[in-house]
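Numbering (UniProt numbering), first residue to last: 1 to 873.
Every residue, glycine too, gets a C-beta built ideally from N, C-alpha and C.
Since the model is a prediction, treat every value here as computed from it, not as a measurement.
Reading through the structure tokens given below for one structure.
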């Protein structure tokens with residue numbers, strides 16, 4: 001039902017109501033003439049009410065008719081819509097939307113009919129009818145798609161498998177590959193259109209796909225014909241001559257022809273194996289040509305071989321019996337050259353040219369045989385007159401200072417040899433007396449050299465080597481060059497054999513060595529700051545803890561100090577925990593001292609002489625290192641060491657110096673604290689052991705009652721050898737428990753006894769000085785895998801002004817000796833300032849030398865095995 005139909009029905013109903021009212025009014029007028037006005041009015045009201053009731057009844061009946069009429073029209077449309085299928089995603093969506101709307105509409109229609117509320121539902125009928133009309137209007141498009149899809153599905157059933165079989169083929173020859181490629185492209189497009197439900201477009205592609213499938217079949221026929229043609233040509237023209245050529249014996253001179261034949265055959269094979277039969281057939285003529293060349297060339301070789309056996313072989317064999325000796329080089333060379341030239345031609349396949357050279361070989365062989373007879377006579381004369389004196393001269397060492405005499409001897413010998421090796425045997429024998437004379441001169445000159453060597457070793461070598469151990473940094477370039485120059489001057493004379501002149505330069509070498517040592521000390525003095533950042537912070541902190549009066553006094557002392565070095569040493573004294581009174585006394589002592597005095601007296605390392613504090617006992621490196629650490633950070637303590645000892649850089653004549661007494665006291669003290677590094681290593685091992693072993697080790701540790709016993713037991717448990725609990729218990733009960741002291745044994749360096757004493761660790765000794773140093777030290781073990789990181793950590797600590805003790809040895813894990821890292825010399829790579837208590841010398845070594853186990857310290861040790869890391873407390 002349309003909108004116009006609905007509008008007309010409403011108008012008719014309204015007109016009908018108006019007409020009813022008009023008739024009722026006319027009836028009322030007639031009644032008024034017959035009755036009183038009051039009665040007429042009552043009648044009019046009653047009649048009007050009756051008319052309205054009848055009108056409403058009529059209106060309801062008309063709405064019912066209209067509702068039914070609309071529903072019939074809608075049912076006709078939905079009957080058509082129900083025939084549509086979800087042939088494409090578009091139609092699937094439309095049908096889904098329509099179905100949902102229909103369910104809603106049907107439910108609403110049933111409700112309207114049940115309640116007889118028709119008029120409010122008319123607008124829903126109109127809207128739903130339009131929606132269904134739109135869907136029904138797509139029926140032609142739907143039918144076309146269904147027909148196209150049906151045709152495609154029929155094609156897929158009958159034809160698509162044929163196309164699939166072709167498209168999936170691999171390794172096709174070019175003829176078939178081109179046809180397959182075009183078919184595959186069309187087929188991919190067809191499948192894409194089907195996948196996208198574009199059935200009309202896909203239907204249009206079916207004919208093209210069928211056509212290209214047919215073209216592929218045509219290509220297959222052509223391909224088979226090409227193969228048949230190629231096979232026929234091979235059997236008729238190629239196979240026989242190729243077999244003949246391959247029966248020719250292999251020979252170097254025929255290698256090119258063999259190679260070219262096989263290349264030609266392989267090229268044809270390759271095309272055939274690729275099913276490129278037309279190309280393979282084109283290459284068959286090249287096989288024929290190369291086979292013919294090989295056969296003809298072999299005939300020339302056979303002729304050359306026969307001529308060699310007949311004319312050359314006997315003379316050649318006789319010449320081959322002559323020994324190959326230098327004096328016959330010319331004749332042997334000419335003979336060999338003739339043979340080689342002929343052979344080269346032969347092996348190059350030039351058989352005619354090789355045969356022409358046969359007579360030359362015969363001539364050169366005869367000359368060689370005659371010359372060999374002359375050589376034998378010359379050899380006899382040499383052995384009788386020259387060999388003995390020559391051998392004696394050969395025993396003299398070949399040294400640069402005797403190059404003249406050695407050269408003359410060699411020249412005489414060479415002159416004779418040259419004649420000999422040139423085959424001039426009479427001239428070689430005449431030169432034998434010159435060889436004897438030059439040999440005697442050489443022997444005499446060697447005696448003079450030995451005397452010069454002894455003087456060098458006694459007076460110069462030690463000083464030179466000591467200077468070169470200072471280190472190599474840019475700041476020492478001039479001093480190193482000066483030493484090298486003096487060394488070169490002496491070496492130049494030495495190498496010329498002027499041994500007396502060489503010895504005159506020895507004092508200059510010693511002097512330049514001392515200058516290099518001084519320059520090294522200066523470089524280290526400049527590079528090392530007087531006070532590090534850690535001590536600066538500590539000084540500020542401790543100054544703030546002083547009373548107001550002490551703060552004022554110390555601040556005034558620092559402010560009035562004459563130089564920055566004076567100020568820095570006063571701040572170091574504050575950081576070291578000294579009282580205001582001690583600092584005031586110290587300030588008075590140093591006030592009028594120059595900077596050189598400060599360096600020499602407020603430090604025990606890096607002095608102008610390159611010397612510093614030295615251990616007084618054979619095994620007191622740890623105690624000396626502890627003194628150096630404290631003195632480096634506490635200038636009042638450093639000055640005390642200098643004031644109480646005549647010379648801290650030398651080994652005293654006895655143990656009675658204050659320096660020695662302090663070292664001995666530390667060396668012979670038991671460990672005062674638990675070594676956390678040893679404890680950590682032991683725990684790490686136990687955590688990785690099986691429960692039984694772990695329990696046994698824990699029980700063994702529980703029997704240790706002192707830190708000394710615990711330290712020694714932890715160390716042995718944590719070793720790489722992983723000793724069993726039984727072995728460890730036996731050792732502990734026998735050698736340690738209640739018996740063994742952790743203290744060292746002091747044996748003075750001046751003691752001639754072979755007894756070395758015993759050393760000890762220095763970590764606990766360092767930590768006894770925490771109040772002065774402001775640092776807590778902890779041992780860090782080093783191995784090849786951690787050495788680079790360790791050196792980087794050491795450098796970082798030194799940059800903060802924290803001295804770092806190092807333990808060195810000659811192999812992994814050996815803790816043989818303590819040295820002290822003091823500071824950094826800038827550069828690339830940076831150098832580390834190291835004081836060696838064993839010799840009392842301060843040197844520089846690069847980071848790379850530490851990382852690569854090339855420290856080469858004055859005490860001879862070269863490998864970093866652990867270090868003691870400082871941490872501010």
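Option nearest residue 885 by Cα separation, candidates 126, 327, 132:
The requested residue 885 is not part of the displayed model; the chain covers only 1 to 873.
Cα-Cα separation, residue 228 to residue 235:
As a first step, residue 228 must be located in the chain shown, where it is residue number 228. As a first step, residue 235 must be located in the chain shown, where it is residue number 235. The straight-line gap from Cα to Cα measures roughly 11 Å.
Check the DSSP bridge columns for residue 415 and list the partner residues they point to.
Along the chain shown, read from residue 1 onward, the residue named residue 415 stands at position 415. Answer is none; residue 415 lacks a bridge partner.
Buried or exposed, going by whether 16 or more other CB atoms sit within 10 Å of the CB of residue 591?
Sequence index remark: in the chain shown, residue 591 carries index 591 (1-based). Exposed, since its Cβ has fewer than 16 Cβ neighbours within 10 Å.
Run through the DSSP bridge pairs and tell me what residue 250 is partnered with.
The residue you call residue 250 lines up with position 250 of the chain shown. Answer by DSSP bridge pairing: none, since residue 250 is not bridged.
Could you pull out every residue in the same chain whose Cβ sits closer than 7 Å to the Cβ of residue 23, ignoring the five residues on either side in sequence?
Here residue 23 refers to the residue found at position 23 when the chain shown is read from its first residue. Residue confidence for residue 23 is low, a pLDDT of 47 falling below 50, so the modelled location carries little weight and cannot support an answer.
Note down, in chain order, each residue of its chain lying with its Cβ closer than 8 Å to the Cβ of residue 780, except the 5 sequence neighbours on either side.
Residue numbering aside, residue 780 sits at position 780 when the chain shown is read from its first letter. The answer, listed in chain order, is 677, 790, 793, 866, 867, 868, 869.
Rounded to the nearest angstrom, what separates residue 103 and residue 85 at their Cα positions?
What you label residue 103 is simply residue 103 of the chain shown in a count that begins at 1. What you label residue 85 is simply residue 85 of the chain shown in a count that begins at 1. Cα to Cα, residue 103 sits roughly 18 Å from residue 85.
Only counting runs of 4 or more residues, tell me where the alpha helix (DSSP H) segments fall wholly within the stretch 324 to 363, in order along the chain.
The stretch 324 to 363 contains, as complete alpha helix (DSSP H) runs of 4+ residues, the segments 329 to 347, 351 to 356 (chain order).
Kindly indicate which three-state DSSP category residue 778 falls into: helix, strand or coil?
Mapped onto the chain shown, residue 778 falls at position 778. For residue 778, the three-state secondary structure derived from DSSP is strand.
If you draw a straight line from the C-alpha of residue 767 to the C-alpha of residue 705, how long is it?
Taking the first residue of the chain shown as 1, we reach residue 767 at position 767. Taking the first residue of the chain shown as 1, we reach residue 705 at position 705. Distance between the alpha carbons of residue 767 and residue 705 is about 21 Å.
I'd like to check one pair, residue 148 with residue 202: are the Cβ atoms closer than 9 Å?
On the chain shown, residue 202 is found 202 positions in, with the first residue counted as 1. On the chain shown, residue 148 is found 148 positions in, with the first residue counted as 1. Cβ atoms of residue 202 and residue 148: closer than 9 Å.
Considering Cα atoms alone, identify which of 538, 443, 456 is closest to residue 801.
For this step, residue 801 is matched to residue 801 along the chain shown. Of the listed residues, the one whose Cα sits closest to residue 801 is 538.
Identity of the residues DSSP links to residue 63 by a beta bridge
Start at 1 with the first residue of the chain shown, and residue 63 comes out as number 63. For residue 63, DSSP assigns no beta-bridge partner whatsoever.
Integer-rounded CB distance, given that residue 74 should sit under 8 Å from residue 121
As a working note, residue 121 is residue 121 in the chain shown. As a working note, residue 74 is residue 74 in the chain shown. No, residue 121 and residue 74 are not in contact; Cβ-Cβ is about 12 Å, not under 8 Å.
State the start and end residues of the unbroken alpha helix (DSSP H) segment that holds residue 872.
Numbered from 1 along the chain shown, position 872 holds the residue referred to as residue 872. No alpha helix (DSSP H) contains residue 872, which is instead part of the beta strand (DSSP E) from 863 to 872.
Three-state secondary structure (DSSP) at residue 738?
Against the chain shown, residue 738 aligns to sequence position 738. Under the three-state reduction of DSSP, residue 738 is assigned to coil, being neither helix nor strand.
Under 9 Å between the Cβ atoms of residue 295 and residue 248?
Within the chain shown, numbered from 1, the residue matching residue 295 stands at position 295. Within the chain shown, numbered from 1, the residue matching residue 248 stands at position 248. Yes; because the gap between Cβ atoms is below 9 Å, this pair is in contact.
Residue 211 versus residue 82 - alpha carbon distance:
For the purposes of this step, residue 211 is taken as residue 211 along the chain shown, with counting starting at 1. For the purposes of this step, residue 82 is taken as residue 82 along the chain shown, with counting starting at 1. Distance between the alpha carbons of residue 211 and residue 82: 39 Å.
So, residue 440 versus residue 389, is the Cβ gap smaller than 9 Å?
As a position in the chain shown, residue 440 is number 440, starting the count at 1. As a position in the chain shown, residue 389 is number 389, starting the count at 1. Taking 9 Å as the Cβ cut-off, residue 440 and residue 389 qualify as a contacting pair.
Name the two residues that bound the continuous alpha helix (DSSP H) containing residue 794.
Numbered from its first residue, the chain shown carries residue 794 at position 794. In the DSSP assignment, residue 794 falls within the alpha helix (DSSP H) that extends over 787 to 799.
Residue from 401, 753, 685 with nearest C-alpha to residue 724:
Looking up residue 724 in the chain shown gives position 724. The residue among 401, 753, 685 with its C-alpha nearest the C-alpha of residue 724 is 685.
With burial defined as no fewer than 16 other Cβ atoms inside 10 Å of the residue's Cβ, what is the status of residue 168: buried or exposed?
The count along the chain shown starts at 1 and reaches residue 168 at position 168. Exposed, since its Cβ has fewer than 16 Cβ neighbours within 10 Å.
Quick one: what does DSSP say residue 821 is sitting in, helix, strand or coil?
Translated into positions along the chain shown, residue 821 becomes position 821. For residue 821, the secondary structure class from DSSP, reduced to helix, strand or coil, is strand.
Expressed to the nearest angstrom, what Euclidean distance is found between the alpha-carbon atoms of residue 275 and residue 173?
In the chain shown, residue 275 corresponds to position 275, counting from 1. In the chain shown, residue 173 corresponds to position 173, counting from 1. One C-alpha to the other measures close to 5 Å.
Out of 668, 437, 707, 527, which has the shortest C-alpha to C-alpha gap to residue 834?
Translated into the one-based positions of the chain shown, residue 834 becomes position 834. Of the listed residues, the one whose Cα sits closest to residue 834 is 527.
Exposed unless 16 or more other CB atoms sit within 10 angstroms - verdict on residue 309
If you number the chain shown from 1, residue 309 lands on position 309. Exposed, because fewer than 16 other Cβ atoms sit within 10 Å of the Cβ of residue 309.
8 Å contact criterion, which residue 445 and residue 487 should meet: CB distance rounded:
Your numbering for residue 445 matches position 445 in the chain shown. Your numbering for residue 487 matches position 487 in the chain shown. Not quite, the Cβ-Cβ distance comes to about 23 Å (not below 8 Å), so this is no contact.
What residue range does the alpha helix (DSSP H) around residue 522 cover?
Position 522 of the chain shown, counted from the first residue, corresponds to residue 522. That run of the alpha helix (DSSP H) goes 506 to 527.
Starting from the Cα of residue 179, find the closest Cα among 714, 163, 746 and give me that residue.
Here residue 179 refers to the residue found at position 179 of the chain shown. Here the closest residue by C-alpha is 163.
Assuming contact is defined by CB atoms lying nearer than 9 Å, are residue 808 and residue 816 in contact in what I supplied?
In the chain shown, the residue the question calls residue 808 occupies position 808. In the chain shown, the residue the question calls residue 816 occupies position 816. Yes.
Indicate whether residue 904 and residue 806 have their beta-carbon atoms separated by less than 9 Å.
Given a span of 1 to 873 for the chain in the structure shown, any question on residue 904 remains unanswerable.
When every heavy atom of the ligand MN is checked, does at least one fall within less than 8 Å of the C-beta of residue 83?
By its list of ligands, the structure shown contains no ligand whatsoever, and the ligand MN lies outside what it can speak to.
Mind the definition here: the stretch 305 to 324 touches the stretch 261 to 278 only if three or more C-beta pairs lie below 8 Å; say whether that holds.
In short, these stretches do not touch, since the Cβ pair count stays below three.
By a C-beta neighbour count over all protein chains shown, 10 Å radius and 16 as the cutoff for buried, is residue 630 buried or exposed?
Your numbering for residue 630 matches position 630 in the chain shown. So residue 630 ends up on the buried side.
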